[in-house]
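Number of protein chains: 2
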Amino acid sequence: MLSLDFLNNEYEDTKSPSKKAEEYIAIDILTGNLRPGQRIVEQDLCEKFSMSRTPVREILSRLAAGGLIELVPNRGAFVVGITERDVDDIFYMKTLLYPQCVKWAIERITEEEYSMLEETFSFMEFYTATEDMEKMQKINRGFEAIIYNACHNAEMEAALLKYDFIIRYANLDIKYPLNYLPTVLEEHRAIFDAFRARKPEQGAEAAQIHAFRSMMRRK
Amino acid sequence: MLSLDFLNNEYEDTKSPSKKAEEYIAIDILTGNLRPGQRIVEQDLCEKFSMSRTPVREILSRLAAGGLIELVPNRGAFVVGITERDVDDIFYMKTLLYPQCVKWAIERITEEEYSMLEETFSFMEFYTATEDMEKMQKINRGFEAIIYNACHNAEMEAALLKYDFIIRYANLDIKYPLNYLPTVLEEHRAIFDAFRARKPEQGAEAAQIHAFRSMMRRK
DNA sequence: TACACATAGATTGTATACAATTTTAACATT
DNA sequence: AATGTTAAAATTGTATACAATCTATGTGTA
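Protein sequence lines correspond, in order, to chains A and B. Following the working numbering, the numbering of the first sequence begins with 29 at its first residue and continues without gaps. Following the working numbering, the numbering of the second sequence begins with 29 at its first residue and continues without gaps.
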């Protein structure tokens with residue numbers, strides 16, 4: 029899967045009902061809609077998402093593998109909560125991993141991937157002026173997703189995608205400063221410049237700065 | 029779950045049949061027994077592990093969530109391979125995360141956890157002389173597992189456990205140097221000393237050294 | 001009242017049945 | 001021989017049925 033589909037508004041619709049339900053539950057957990065320790069009854073999910081227990085149990089298996097719920101034998105699924113400190117920690121883990129991801133990505137990126145990154149960055153430049161926060165967040169996520177993929181390491185990619193997902197939904201009440209979009213654009217420009225110059229160390233440095241500042245903007 | 033059960037030889041038997049089958053398949057993938065791209069047919073697993081398709085599909089859901097297989101809609105499960113470079117990368121990711129894990133663990137460890145770590149370390153000292161590689165590896169894993177848990181961050185713990193699992197099974201043909209066990213003991217001692225002295229930075233430093241040398245020992 | 005126990009109901013674990021889709025293999029056509 | 005078509009078989013996706021286990025409620029006893 030290598031495309032700019034994430035820019036499309038109907039992108040979400042391409043996901044399977046099962047995947048959508050899984051994401052829905054995950055978001056409910058991260059936003060606190062489902063409380064830590066709360067029991068999730070399979071039958072309730074069957075009714076909520078209009079499916080039988082078989083796919084529901086597969087969803088619960090995946091969520092448990094991801095750590096958002098705990099599956100206790102013969103007793104069912106229980107919500108595993110996420111604390112503010114957990115989110116802090118995850119921001120910090122991103123500052124550790126993301127620079128190395130960018131370094132590898134600059135070393136390993138294909139021509140095709142680079143073209144996508146270039147095109148996405150030009151979209152970012154163009155739309156930053158619009159101050160459409162939602163659209164820009166989507167493009168920013170797309171920009172980083174291309175980099176995560178371009179590092180060509182599945183563990184790194186999965187880890188960073190997961191951290192972003194947690195940060196995105198467990199961090200909803202954050203107040204962005206007025207100059208947020210142009211600031212992030214400049215941080216991303218520094219990263220993209222390193223890709224353009226093919227300088228891995230420079231990219232790691234720029235990534236470190238971006239991740240660290242993102243963590244700080246939360247405060 | 030807070031105990032020294034991992035030292036028990038029958039520890040593996042406490043796992044559910046479903047969990048054992050999942051681990052069995054995961055090991056088959058990491059050791060190369062199942063080849064990258066190879067299709068996994070549900071019915072075959074049903075026969076192999078003597079269970080019906082429902083639990084088999086739950087196992088496949090979990091493995092897919094962990095990235096070891098890919099689930100293609102209507103076409104089934106396909107093995108995702110792991111390359112030598114992937115293993116190199118994962119060693120490197122461990123050098124990034126483990127020092128921070130130790131730092132957090134020293135800051136956050138409970139009295140009970142510390143007692144377990146202390147007891148485990150004394151076992152390590154005692155058994156290193158026996159040159160029983162298998163037993164020592166198990167104790168070493170237990171020592172690190174306690175630290176992973178004591179950092180009190182589920183993402184960090186899950187990440188490091190996963191890396192260790194991959195390293196353990198995708199790295200089977202490694203040749204250990206003669207003084208491997210005493211060398212590792214001393215590296216672990218440096219980490220444990222930092223716990224004893226409650227010095228997070230010193231622990232991070234010792235952890236960094238241990239992770240880096242482990243990576244190098246692979247060469 | 002406090003507690004132990006028994007029982008009914010609810011819930012999870014597993015097997016099986018059926019529907020939808022894909023794969024295969026045979027056959028016909030060029 | 002190579003390609004396209006079609007039907008049968010195999011496989012996956014989903015629903016449902018039954019077994020095993022847990023939970024909740026009510027009853028009896030101290």
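No residue lacks a Cβ here, since even glycine has one placed at the ideal position from N, Cα and C. Nothing here was measured: the structure is a model prediction, and the numbers come from that model.
Beta-carbon gap between residue i and residue j smaller than 7 Å
i        : j        : result
A:Leu209 : A:Thr156 : yes
B:Ile174 : B:Met144 : yes
B:Pro64  : B:Gly94  : no
B:Tyr191 : B:Glu185 : no
B:Ala239 : B:Ala178 : no
Neighbour flag for residue i against chain B, beta carbons, 7 Å
i        : result
A:Glu183 : yes
A:Glu50  : no
A:Glu86  : yes
A:Ala232 : no
A:Ala186 : yes
A:Leu124 : yes
A:Ile118 : yes
A:Ser89  : yes
Straight-line Cα distance separating residue j from residue i
i        : j        : result
A:Phe77  : B:Gln230 : 51 Å
B:Asn181 : A:Val130 : 25 Å
B:Lys203 : B:Pro83  : 38 Å
B:Tyr126 : A:Arg136 : 25 Å
B:Ala234 : B:Val100 : 44 Å
B:Ile167 : B:Val212 : 12 Å
A:Ala49  : A:Ser80  : 13 Å
A:Arg245 : A:Phe193 : 17 Å
A:Leu58  : A:Arg113 : 13 Å
A:Asp116 : B:Thr158 : 43 Å
A:Glu172 : A:Glu140 : 16 Å
A:Ile53  : A:Ile87  : 9 Å
B:Pro205 : B:Ile219 : 21 Å
Option in the options with minimal Cα separation from residue i
i        : options                                : result
A:Ala92  : B:Glu162, B:Leu99, B:Tyr142, B:Glu183  : B:Glu183
A:Lys47  : B:Asp56, B:Leu62, B:Ser89, B:Glu75     : B:Ser89
B:Asp56  : B:Ile97, B:Arg81, B:Arg85              : B:Ile97
A:Val69  : A:Trp132, A:Leu189, A:Val212, A:Val107 : A:Val107
B:Ala187 : B:Tyr120, B:Arg226, B:Cys74, B:Leu73   : B:Tyr120
A:Asn61  : A:Ile219, A:Tyr197, A:His238           : A:Tyr197
B:Asn102 : A:Ile219, A:Arg241, A:Lys227, A:Ser44  : A:Ser44
B:Arg217 : B:Glu146, B:Glu51, B:Ile87             : B:Glu146
B:Phe223 : B:Thr138, B:Thr111, B:Glu75            : B:Thr138
B:Ala225 : B:Met161, B:Met243, B:Tyr142, B:Ser150 : B:Tyr142
B:Arg67  : B:Gln165, B:Met243, B:Gly104           : B:Gly104
B:Asn207 : B:Met161, B:Thr42, B:Ala232            : B:Met161
is_contact[residue i, chain A] using C-beta, thresh 7 Å
i        : result
B:Ala93  : yes
B:Arg196 : no
B:Met29  : Low per-residue confidence applies at B:Met29: pLDDT is 49, beneath 50, and the placement is therefore not dependable, though the value from the model is reported in the following sentence. B:Met29 does not count as touching chain A.
7 Å CB neighbourhood of residue i in its chain, flanking five on each side removed
i        : result
B:Lys163 : Tyr155
A:Gln1   : Outside the displayed range of chain A (29 to 247) lies residue 1 of chain A, so it cannot be described from this structure.
A:Leu73  : Val84
Residues near residue i in its chain [Cβ-Cβ closer than 8 Å; skip 5 each side]
i       : result
B:Met29 : Model confidence at B:Met29 stands at a pLDDT of 49, short of 50, so the residue's coordinates are unreliable; what they give is reported in the following sentence. Taken in chain order, the list of residues that qualify is empty.
Beta-carbon proximity list for residue i, same chain, < 6 Å, skipping 5 on both sides
i        : result
A:Glu215 : His238
B:Ile118 : Tyr191, Ile194
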